[in-house]
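Residue numbers (the UniProt record's numbering), protein chains in the order written: chain G, 1 to 262; chain A, 1 to 277.
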Amino acid sequence: MRPGWFLRLAAICGYALLLAPALLVFIISFSAGDFLNFPPPGFSLRWYAALIDNGQLMAALRNSALLAAGVACIALAAGMPAAYAIARLEFPGRGVLAGFLAAPLLLPTLVLGLALLLAMQPMRLAATWPGLMLAHAMVAVPFAVRIMTTAFGGVPKDLEEAAWTLGATRFRAALRVTLPLAAPGAIAAGALCFLVSFDETVISLFLVGPRLSTLPVEMFRYAENRTDPLVAALAMTLIGVALAVVLLVERLVGFTRAVGRN
Amino acid sequence: MIGLLLCLPAALILAAGFVWPVLLLGRISFNRTTDMGAMEEAWTLETYAKIVTDDFTWDLAWNTITLSAGAAAAAVALALPVTLLIRSAPPRWRGVLALMAVAPLLVSGTARVVGWMAILGDQGMINALLTGLGLTSQPLRLINNLTGVRIGLTESLMPYCCLVLIAGLSRLDSRLEEAAATLGATRSRTFFRVTLPLAAPALAAAFALAFVLGVSAFITPRLMGGGRVFVVATEIFDLALETVDWPAAAALAMLLLGTLVVAMVLRGVLAGREAPR
């Protein structure tokens with residue numbers, strides 16, 4: 001049934017609300033003015049230049065990129081075997097384990113961040129690379145397991161069984177037949193884990209320190225204290241990275257297909 | 001056996017980064033804070049008692065619940081027309097429209113708050129428009145107060161509502177609406193008597209998800225409230241990092257978790273009653 005005018009109007013309002021903030025960030029990041037006012041008095045790249053000149057923010061950007069890359073590797077390395085076991089093997093406690101490996105997604109990140117701070121501070125792990133890696137890997141692993149379970153489940157079991165018949169060991173069949181066929185899923189899972197870590201703000205807020213900080217945290221603090229378009233340029237950097245990763249995955253494997261239809 | 005072994009690395013990461021910290025959080029909530037502000041090992045309910053008997057906690061709880069219930073309701077109300085539009089769009093537009101509805105999930109919450117500052121600020125888009133049209137002489141205060149948090153929270157919850165509604169409404173048979181129209185029902189009558197009742201379970205699920213996410217939201221209340229809006233989440237953060245009263249922060253977090261669990265169980269019970277199988 002074709003939607004009536006009222007429905008269309010309401011839907012346009014809905015979309016406006018959804019898309020306006022990102023659009024405004026885009027426009028304001030090119031502002032030549034000193035404040036977050038709209039319309040901007042003129043357009044320039046001065047705030048992007050200021051961003052590149054800001055050593056603290058660039059260090060945070062580097063930290064975030066390194067952290068996210070490391071977290072994606074860890075989450076994939078730990079998540080893939082688990083996903084294979086859940087998708088393909090029968091063993092006692094499979095359902096419980098699958099539920100457990102998704103559990104961190106059920107708790108608010110604020111509570112997780114607080115819990116990690118309380119656990120890591122006495123062990124001097126707060127504001128260290130291992131501490132942040134563990135914290136981010138913990139939130140990324142459920143995503144890796146979930147996407148990879150779908151990916152492994154999508155590979156026909158017959159192929160692996162054919163490899164067994166032809167004399168391949170179970171390990172070899174999994175490694176040489178199923179894993180390559182699930183590669184698009186692995187790329188998508190890695191990309192998503194990268195983004196989960198790269199955008200993670202609340203947990204990081206509890207765990208960063210003066211020596212080690214991440215880009216979302218620096219952006220949060222900047223937005224809390226100051227209102228100049230530098231923070232918009234910073235926000236555009238984060239949006240740009242997210243967009244680049246999504247487009248890359250789309251080009252490589254097709255995002256919707258890789259993430260699955262669940 | 002090999003299956004358990006394959007799950008071991010992932011399970012270890014979660015044991016160290018999730019189970020142990022959350023258990024410790026529970027343990028610390030039973031500790032005591034001395035008058036000097038130091039933490040003392042104990043097994044006591046003192047901290048909980050202090051929190052529950054403090055009127056400020058109840059103000060916070062009330063603020064949090066009304067704020068997230070209002071934002072969740074508004075988010076569902078706005079997500080419904082968006083989803084209905086997606087559903088009735090020609091197939092080649094459907095994917096794009098759905099992607100646009102959930103795209104904000106890929107944009108970090110803080111970045112979206114920056115966008116809202118440019119829209120709602122004293123020199124933002126809306127106030128520039130209003131003063132330009134001569135409707136107001138003083139800028140409207142739309143941010144750094146409760147209004148700002150309401151708007152921001154609604155927006156940040158909408159993509160989640162859209163996700164739930166897109167999944168929920170795809171199972172809804174559009175021929176029923178067409179039948180109602182053929183039988184002479186007006187558009188609004190079809191909507192209120194056919195579409196809305198059929199969509200009710202999906203709407204309830206979307207509201208429940210949005211409410212739970214709203215109750216524990218931190219970035220939007222903190223940044224869009226300008227430090228003037230206090231909810232449970234901001235209080236936990238301040239207790240942990242500014243006051244450094246760990247037992248109080250832990251106890252408040254445990255109470256928040258308890259509330260969320262109760263809300264989810266309640267929703268499960270209600271949903272079970274609506275659709276008996």
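Cβ atoms here follow ideal geometry from the backbone N, Cα and C, with glycine treated the same way.
Which partner residues does residue i have in the DSSP bridge list?
i, result
"G:Phe43", "G:Ser31"
"A:Thr33", "A:Met39"
Which whole-angstrom value is the C-beta distance of residue i and residue j, which I expect to be below 8 Å?
i, j, result
"residue 289 of chain G", "A:Val107", "Since the first residue of chain G shown is 1 and the last is 262, residue 289 of chain G is not available in this structure."
"G:Ala144", "G:Ile203", "With a Cβ gap of about 17 Å, G:Ala144 and G:Ile203 do not count as contacting."
"G:Pro216", "G:Leu238", "7 Å"
"A:Val231", "A:Thr53", "So it is not a contact: roughly 20 Å between Cβ atoms."
"A:Thr44", "A:Ala248", "Their Cβ separation, rounded to whole angstroms, is 13 Å, which puts A:Thr44 and A:Ala248 out of contact at 8 Å."
"A:Leu24", "G:Ala115", "7 Å"
"A:Ala72", "A:Leu157", "6 Å"
"G:Glu160", "G:Thr178", "5 Å"
"G:Thr214", "G:Asn63", "6 Å"
"G:Asn37", "A:Gln138", "At roughly 16 Å, the Cβ-Cβ gap does not stay under 8 Å, so G:Asn37 and A:Gln138 are not in contact."
"G:Pro39", "A:Ala89", "Not really, about 32 Å apart at Cβ, beyond 8 Å."
"G:Phe152", "G:Ala87", "4 Å"
Grab me the residues of residue i's own chain with a C-beta within less than 6 Å of its C-beta, minus the 5 sequence neighbours each way, in chain order.
i, result
"A:Leu146", "Val229"
"A:Ala251", "Ser29, Thr47, Tyr48 and Ile51"
"G:Ala258", "Residue confidence for G:Ala258 is low, a pLDDT of 49 falling below 50, so the modelled location carries little weight; the figure read from the coordinates is stated next. If we look at G:Ala258 and ignore the five residues flanking it on each side, its Cβ neighbours are Pro184, Gly185 and Ala188."
"G:Ala164", "Checking the sequence, you will find Trp at residue 164 of chain G rather than Ala. These residues qualify, in order along the chain: Ala173."
"G:Gly260", "Unreliable positioning characterises G:Gly260 in this predicted model, as indicated by a pLDDT of 47, which lies under 50. The coordinate reading is nonetheless provided below. Result list for G:Gly260: Thr150, in chain order."
"G:Ala232", "Val25, Ile28 and Ser29"
"A:Gly17", "none"
"G:Ala75", "Ala137, Ala140, Val141, Ala144 and Cys193"
"G:Leu181", "Val155"
"G:Gly113", "Val202, Ile203 and Phe206"
"G:Tyr48", "Ala233"
"A:Ile236", "Ala249, Leu252 and Ala253"
Output needed for residue i: all residues of its chain with C-beta closer than 7 Å, excluding positions within five of it in sequence on either side, in chain order.
i, result
"A:Cys161", "Ala75, Val76, Ala79, Ala206 and Ala210"
"A:Ala233", "Ser216, Ala217, Phe218 and Pro221"
"A:Glu177", "Thr190, Val194 and Thr195"
"A:Met39", "Asn31, Thr33, Trp246 and Pro247"
"A:Pro159", "Ala101, Val102, Pro104 and Leu105"
"A:Ala98", "Ile86 and Ile166"
"G:Leu252", "Ile187"
"residue 343 of chain A", "Past the boundaries of the shown model lies residue 343 of chain A; chain A is included only from 1 to 277, so the question cannot be answered."
Identify, in the order they occur along the chain, each residue of the same chain with its Cβ nearer than 8 Å to the Cβ of residue i, setting aside the five sequence neighbours on each side.
i, result
"G:Phe91", "Ala85"
"A:Leu169", "Thr83, Leu84, Arg87, Ala199 and Ala202"
"G:Tyr15", "none"
"G:Arg46", "Ala32"
"G:Ile52", "Met58"
"G:Leu110", "Val202"
"A:Arg141", "Asp122 and Thr147"
"A:Thr110", "Ile219 and Leu223"
"A:Val244", "Gly37"
Under 7 Å Cβ-Cβ, which residues of chain G neighbour residue i?
i, result
"A:Trp93", "Neighbours of A:Trp93 on chain G: none; closest Cβ ~12 Å, over 7 Å."
"A:Val114", "Val25, Ala223, Val231, Ala232 and Ala235"
"A:Pro21", "Ala115, Leu116, Leu118 and Ala119"
"A:Arg187", "Gly4"
"A:Phe211", "Within chain G, no residue comes near A:Phe211; the closest Cβ sits about 13 Å away, beyond 7 Å."
Which bits of chain A does residue i rub up against, with CB to CB less than 8 Å?
i, result
"G:Asn37", "Ala118, Gly121, Gln123, Gly124 and Ala128"
Along chain G, in chain order, which residues have C-beta atoms closer than 9 Å to that of residue i?
i, result
"A:Pro81", "Pro3, Phe6, Leu7, Arg8, Leu9, Ala10, Ala11, Ile12, Cys13 and Gly14"
"A:Glu155", "Leu17, Leu18, Ala20 and Pro21"
"A:Leu85", "Pro3, Leu7, Arg8, Ala10, Ala11, Ile12, Gly14 and Tyr15"
"A:Ser216", "Leu107, Pro108, Thr109, Leu110 and Val111"
Whose Cβ in chain A lies nearer than 9 Å to the Cβ of residue i?
i, result
"G:Met219", "Ser108, Thr110, Ala111 and Val114"
Under 7 Å between beta-carbons, which chain A residues line up against residue i? List them in chain order, please.
i, result
"G:Met148", "Per Cβ cutoff of 7 Å: no residues; G:Met148 is ~10 Å from chain A at best."
"G:Asp199", "Ser108"
Quick one: list the residues of chain G neighbouring residue i, beta-carbon separation under 8 Å, in chain order.
i, result
"A:Met1", "Phe91"
Is there a Cβ from chain B that is less than 7 Å from the Cβ of residue i?
i, result
"G:Phe38", "The question asks about chain B, but that chain is absent: this structure's protein chains are G and A."
Notebook entry, point to check: Relative to chain G, which residues along the stretch 132 to 144 of chain A have a C-beta separation below 7 Å, given in chain order?
Noted result: Contact residues of the stretch 132 to 144 of chain A toward chain G are absent (C-beta to C-beta distance below 7 Å).
Next item on the list: Please name the residues in the stretch 40 to 59 of chain G whose beta-carbon is closer than 7 Å to at least one beta-carbon of chain A, in chain order.
Entry: Of all residues in the stretch 40 to 59 of chain G, none is placed with a Cβ closer than 7 Å to any Cβ belonging to chain A.
Next item on the list: Can you give me, in chain order, the residues of the stretch 242 to 257 of chain A that have a beta carbon less than 8 Å from any beta carbon in chain G?
Entry: If the cut-off is 8 Å between Cβ atoms, the stretch 242 to 257 of chain A has Trp246, Ala249, Ala250, Ala253, Leu256 and Leu257 near chain G.
Checklist line | Cβ-based contacts, 8 Å cut-off: residues of the stretch 126 to 139 of chain G near chain A | finding: Those residues of the stretch 126 to 139 of chain G that come within reach of chain A (Cβ to Cβ, closer than 8 Å) are Leu134, Ala135, Ala137 and Met138.
Next item on the list: Residues of the stretch 1 to 17 of chain A with a CB closer than 9 Å to any CB of chain G: list them in chain order, please.
Entry: Answer set for the stretch 1 to 17 of chain A: Met1, Ile2, Gly3, Leu4, Leu5, Leu6, Cys7, Leu8, Pro9, Ala10, Ala11, Leu12, Ile13, Leu14, Ala16 and Gly17.
Checklist line | chain G contacts made by the stretch 56 to 79 of chain A, where a contact means CB separation under 7 Å | finding: Within the stretch 56 to 79 of chain A, the qualifying residues are Leu78 and Ala79.
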